[in-house]
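Counting from 1 along the sequence shown, just add 114 to a position and that's the residue number in the working numbering.
Here the structure comes first, spelled out in structure tokens, and everything after it is commentary.
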Amino acid sequence: MFESEIENVEWMGNYPKFEKYGGILGYNTMGLIKLSNGIVGSLHYSASVDPLASTSRLEVYGDNTNVLHAIWNDKIILYGSNQKPQEWNLDVKGTRVWGHRQADEHFIECILHKKQLKVSVEDAIKAQEIAQKIKKSIK
């Protein structure tokens with residue numbers, strides 16, 4: 115997305131238990147990422163609130179004073195040099211925005227049609243290393 119590698123990750127999480135739902139765990143998490151080009155982002159995820167109040171958002175603050183908010187998986191807002199924020203609503207709904215469906219379809223297509231995977235083994239290893247950093251930094 116930003117043509118830059120993730121350099122560092124810090125993550126915190128809280129996992130409350132909900133007795134009224136049979137003791138399942140919810141989650142409230144927040145992560146900070148730093149990219150090699152200097153971009154810093156914060157990520158917030160929660161499943162410990164009423165479904166009407168739950169959200170996910172990615173906030174990216176640039177050194178050019180611009181701010182990018184990705185809200186859920188269907189809205190992007192850019193607070194830039196214009197007086198009015200630029201807003202994009204993405205018209206994608208259902209399982210098409212969950213991510214794994216597209217990855218699964220692509221993998222199957224590559225096997226069936228002997229195509230090259232879009233994600234290299236090296237990228238997959240980097241993603242796993244980042245996930246490990248997140249896991250180790252959870253406080």
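Beta carbons: idealized from backbone N, C-alpha and C, even for Gly.
Check your understanding: So is Val-233 buried or exposed if we call it buried at 16+ other beta carbons inside 10 Å?
Key -> Position 119 of the sequence shown holds residue 233. With fewer than 16 other Cβ atoms within 10 Å, it is exposed.
Point to revise | Minimum length 3: unbroken beta strand (DSSP E) runs contained in the segment 181-250 | key: 181-185, 189-193, 200-203
Exercise for review: Report yes if the CB atom of Val-206 is closer than 8 Å to the CB atom of Tyr-175, and no otherwise.
Suggested key: Here the question's residue 206 lines up with position 92 in the sequence shown. Here the question's residue 175 lines up with position 61 in the sequence shown. Contact flag unset, no.
Review point. For Leu-226, does the count of other Cβ atoms within 10 angstroms reach 16, so buried, or fall short, so exposed?
Key: Along the sequence shown, read from residue 1 onward, the residue named residue 226 stands at position 112. Answer is exposed; the Cβ neighbour count stays below 16.
Review point. How would you write the range of the beta strand (DSSP E) that Asn-142 sits in, first residue to last?
Key: What you label residue 142 is simply residue 28 of the sequence shown in a count that begins at 1. Looking at the DSSP string, the run of the beta strand (DSSP E) that includes Asn-142 is 142-149.
Review point. DSSP on Glu-117, reduced to helix/strand/coil?
Key: Sequence index remark: in the sequence shown, residue 117 carries index 3 (1-based). Here Glu-117 sits in coil by DSSP.
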